[in-house]
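Student: These protein sequence lines are chains E and F, in that order.
Counted from 1, the first sequence has number 99 at position 99 by my numbering; the numbering is strictly sequential.
Residues are numbered in my numbering as their position in the second sequence, beginning at 1, plus a constant of 1000.
C-beta atoms are modelled at their ideal positions from N, C-alpha and C, and glycine is treated no differently.
Note that the structure is a prediction, hence the values are computed from the model and not measured.
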Amino acid sequence: MSVVIEAKGLDLTFGTGEGAVHALADIDLSIESGEFVSLIGPSGCGKTTLLRVIADLEKPTGGTISVNGVSPEEARLARAYGYVFQAAALYPWRTIAGNISLPLEVMGMSKAERQQRIAKNMELVNLTGFEKKFPWQLSGGMQQRASIARALSFDPDMLLMDEPFGALDEIVRDHLNEQLLKLWAQTKKTVVFVTHSIPEAVFLSTRIVVMSPRPGRIHEVIDCDLGDDRPLDIRETPKFLEIAHRVREGLRLGHSYED
Amino acid sequence: MLERRGFSALLYDRIVPIGVVVAVIVVLWYGFAVLLNAQFERDQAARAKTEITTSQLIERTLSQDRPLLPAPHQVVSEIWDTTVMKKITSKRSLVYHGWITLSSTLLGFLMGTVLGISLAVAIVHSKVLDRSLMPWIIVSQTVPILAIAPVIIVVLNAIGISGLFPKALISTYLSFFPVAVGMVKGLRSPDVMHLDLMRTYNSSAAQVFWKLRWPASVPFLFTSMKVAVAISLVGAIVGEMPTGAVAGLGARLLSGSYYGQTIQIWSALFSAAVLAAVLVMLVDLVSRIVLRRMGMAQ
Ligand SMILES: Nc1ncnc2c1ncn2[C@@H]1O[C@H](COP(=O)(O)OP(=O)(O)OP(=O)(O)O)[C@@H](O)[C@H]1O
Ligand SMILES: [Mg+2]
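Here it is in structure tokens:
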């Protein structure tokens, strides 16, 4: 297995002087190809910021980071990853098919190729039949699924997902978790996944990165070796509960020294 | 709640309220016409050393040749006479004059819209232009158009350009402004997430423009075009005044005031108002159709 993301002593401060926010401090993290890594931690601990640094949407102020062996910028220019934002961020004037087509158009694919990929990815997220609908005609969960199909449409090797299911209800969330897991098992993409939910992190991940705030740092990295076959009711097994408990402890310890 | 549909909805939600307002205006208008024109009749009567009864007075105030304030039916019949009853090639036809004004309005509106969009695109893509152009754009609108219009017309006339174009230029001068301001806002309206998304695809500036900024600005464009088309008409009318133009609604207003033809003035005013309303409604209609097609209808 090869290392895909390698961060050493990563540091990021927003602004200067009085109003400066130390968002990331001394982040060491190495992610291998095919891993599913979750970032979990209290609000404001820098999960989004770390993901954005990997995506070259934010420049670190210290330390080094490489993505696919090159700088995040080069990786971005090579379209190495698909990014799923916390909100679906669909373009309201494009139909669902049109939204999924967006990256394909930007990348200059032929119409036939685009149509074939749109169909394939809409099926993958169970949205077949909604091609011609506009985003506002879909529920929040369906919109989020469309945004995942959009990120998958150009078949990047890496998926960066920022709380993609944060705004959804438990049932829909469970369902999407299962689908995402299936997709990951099929494609063996590298996934970096931000979440607030402990069960979600344990259910999906091969490794869980527990972060603590002010400044945002990595408190603990927990292995999550539940194997590849994970039905939903794995969440009631002792092993699952034990890992969940360790994540919870980690979060608590990471939190305690600040107040 | 009882919900009204179809014709009944149209009747109660539109026709009845609008009808009531119109009726009130017409009644008030007649009242003022009598009031304002009465003095003239009394003077006439005094000069002729005759007494006039109130009913005679009212009757006469509403049928003067050059009233201070023409009565509604006088304006309506003048409009009828100069539209339906005249050949449209006649110099006395309001349709002919309306067309003259409309054509320079439309040309000016078109040029103003193109200019406004171009300026907005330049401003959004260049910090330097944002700083250097924006103040001038704003200053341009603080100069009274009544001062600028004669200058433009006279200067262009001097170099041999006359007719439609100079008038259209005044419409352009007025109408580019709302379009430029609206489009700057519209092109900057995409939120950070939508922009970041394009960045993750390594898209070019042209792609960001055509796939994101431009479609996002369409609702803003139509809103400013509604203002721009109305103001273009004002520009065209103003442009017809300073040189004593012989044709157009502005010329009708001007010649009406030279000869004290108040009925002519008022019918030109009304035609201009109706024309403006129709133009704004047309832009609104196109806007609705386009936005519905784009899935952005409210
Ligand atoms: N562009 C920015 N400018 C200034 N400060 C920022 C910026 N982006 C984030 N921050 C700050 O950096 C810190 C980390 O923010 P970040 O969004 O990464 O947190 P998070 O872990 O994703 O939180 P949440 O779980 O609420 O999404 C916060 O204190 C935030 O206020
Ligand atoms: Mg976040």
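(1) Just verifying my parser: in three-state terms, what is the DSSP assignment at M158/E?
(2) Under 8 Å between the Cβ atoms of E105/E and R114/E?
(3) Helix or strand or just coil, what does DSSP make of A88/E?
(4) Count the CB pairs spanning the segment 1161-1174 of chain F and the segment 1096-1116 of chain F that are closer than 8 Å, and state whether there are at least three.
(5) What is the C-beta distance between R76/E and D56/E, in whole angstroms, given that I count them as a contact (C-beta under 8 Å)?
(6) Provide the residue(s) that pair with M211/E in DSSP beta bridges, ordered along the chain.
(7) With a Cβ-Cβ cutoff of 8 Å, do K1226/F and V1184/F count as a contact?
(8) Tell me whether the segment 222-230 of chain E and the segment 191-206 of chain E touch, counting them as touching only if at least three CB pairs, one residue from each stretch, are closer than 8 Å.
(9) So what's E6/E in DSSP terms, helix, strand or just coil?
(10) In the DSSP assignment, find the unbroken beta strand (DSSP E) run with D26/E in it and report its ends.
(11) Counting only beta-carbon atoms, is M158/E nearer than 8 Å to chain F?
(12) Should F14/E be listed as close to ligand 1, given that the test is whether its C-beta is under 7 Å from any heavy atom?
(13) For ligand 2, which residues count as neighbours when the test is a C-beta closer than 7 Å to any heavy atom?
(14) Contact criterion: CB-CB distance below 8 Å. Does K1211/F meet it with respect to chain E?
(15) In this structure, how does DSSP classify I1148/F when only helix, strand and coil are distinguished?
(16) Between S1203/F and chain E, is any beta-carbon pair separated by less than 8 Å?
(17) Which word fits F1032/F, buried or exposed, when buried means at least 16 other C-beta atoms lie within 10 angstroms of its C-beta?
(18) Beta-carbon separation of G1182/F and F1209/F under 8 Å?
(19) When the cut-off is 8 Å and only beta carbons count, does T1200/F lie next to chain E?
(20) So with Cβ pairs under 8 Å, would you call M1001/F a contact of chain E?
(21) Is the separation between the beta-carbon of G34/E and that of K188/E shorter than 8 Å?
(22) With 9 Å as the C-beta to C-beta threshold (strictly closer), list the residues of the segment 75-88 of chain E near chain F in chain order.
(23) If we define contact as Cβ-Cβ less than 8 Å, is L1187/F a contact residue for chain E?
(24) Do H255/E and ligand 1 come close, with the Cβ less than 7 Å from some heavy atom?
(25) Determine which residues share a DSSP beta bridge with D223/E and list them.
(26) Within 7 Å: the Cβ of G1250/F and any heavy atom of ligand 1?
(27) If we require 3 or more residues per run, which beta strand (DSSP E) segments fall completely within the segment 107-192 of chain E?
(28) At the 8 Å Cβ level, is F134/E part of the contact set with chain F, yes or no?
(29) Exposed or buried, L1144/F, counting other C-beta atoms within 10 Å across all chains shown (16 or more means buried)?
(30) Per DSSP, S66/E forms a beta bridge with which residues?
(31) Does the beta carbon of D259/E sit closer than 8 Å to a beta carbon anywhere in chain F?
(32) Is A1180/F near G1116/F, with beta carbons less than 8 Å apart?
(33) Roughly how many whole angstroms lie between the Cα atoms of P1190/F and M1085/F?
(34) Going by the DSSP bridge assignment, what does V37/E pair with across the sheet?
(35) So if I threshold CB-CB distances at 8 Å, which residues from the segment 171-201 of chain E count as touching chain F?
(36) Starting from W1210/F, follow the alpha helix (DSSP H) in both directions and report where the run begins and ends.
Tutor: Answer, in terms of the structure:
(1) Of the three classes helix, strand and coil, the one that applies to M158/E here is strand, per DSSP.
(2) Yes, these two residues count as a Cβ contact at 8 Å.
(3) Looking at A88/E - three-state DSSP - the assignment turns out to be coil, as it is neither helix nor strand.
(4) Taking 8 Å as the limit for Cβ pairs, the verdict is that the segment 1096-1116 of chain F does touch the segment 1161-1174 of chain F.
(5) Confirmed, Cβ separation roughly 4 Å.
(6) DSSP links M211/E through a beta bridge to I218/E.
(7) Not in contact: K1226/F and V1184/F (Cβ atoms no closer than 8 Å).
(8) They touch, by the three-pair rule.
(9) Three-state DSSP puts E6/E in a strand.
(10) Looking at the DSSP string, the run of the beta strand (DSSP E) that includes D26/E is 21-32.
(11) No - not a single Cβ of chain F is within 8 Å of the one on M158/E.
(12) Taking the Cβ of F14/E as the reference point, at least one heavy atom of ligand 1 falls within a distance shorter than 7 Å.
(13) Residues with their Cβ less than 7 Å from any non-hydrogen atom of ligand 2, running along the chain, are K47/E, T48/E, Q86/E, D162/E, E163/E, V194/E.
(14) K1211/F counts as touching chain E.
(15) In this structure, I1148/F counts as helix in the three-state DSSP scheme.
(16) By this cut-off, S1203/F is an interface position.
(17) Taking all protein chains in view, the Cβ of F1032/F is surrounded by fewer than 16 other Cβ atoms within 10 Å, so the residue is classified as exposed.
(18) No, the Cβ-Cβ distance between G1182/F and F1209/F is not below 8 Å.
(19) Nearest CB-CB separation between T1200/F and chain E: below the 8 Å threshold.
(20) Summary for M1001/F: the model assigns pLDDT 49, below 50, so the residue's position carries little reliability; its value from the coordinates is reported in the next sentence. Closer than 8 Å: no.
(21) Yes, the pair counts as a contact, with Cβ atoms nearer than the cut-off.
(22) The residues in question are R76, L77, A78, R79, Y81, G82, Y83, F85, Q86, A87.
(23) No, L1187/F does not count as interfacial toward chain E.
(24) Outside the cutoff, so no.
(25) R207/E.
(26) Not under cutoff, so the answer is no.
(27) 158-162, all fully within the segment 107-192 of chain E.
(28) Chain F, which has a Cβ nearer than 8 Å to the Cβ of F134/E, makes this yes.
(29) According to the sequence provided, residue 1144/F is Pro. The question's Leu does not apply to it. Counting the other Cβ atoms within 10 Å of the Cβ of P1144/F gives fewer than 16, which makes it exposed.
(30) As a beta-bridge residue in DSSP terms, S66/E pairs with E6/E.
(31) For D259/E, the pLDDT reaches just 47, beneath the cut-off of 50, and the residue's location in the model is therefore unreliable, although a value from the coordinates is still provided. False, the Cβ-Cβ gap to chain F never drops below 8 Å.
(32) Against a cut-off of 8 Å, the Cβ pair of G1116/F and A1180/F comes out as a contact.
(33) Between P1190/F and M1085/F, the C-alpha separation is close to 53 Å.
(34) BP columns for V37/E point to V192/E, R207/E.
(35) The segment 171-201 of chain E vs chain F, Cβ under 8 Å: nothing.
(36) Here W1210/F belongs to no alpha helix (DSSP H), and DSSP marks it neither H nor E.
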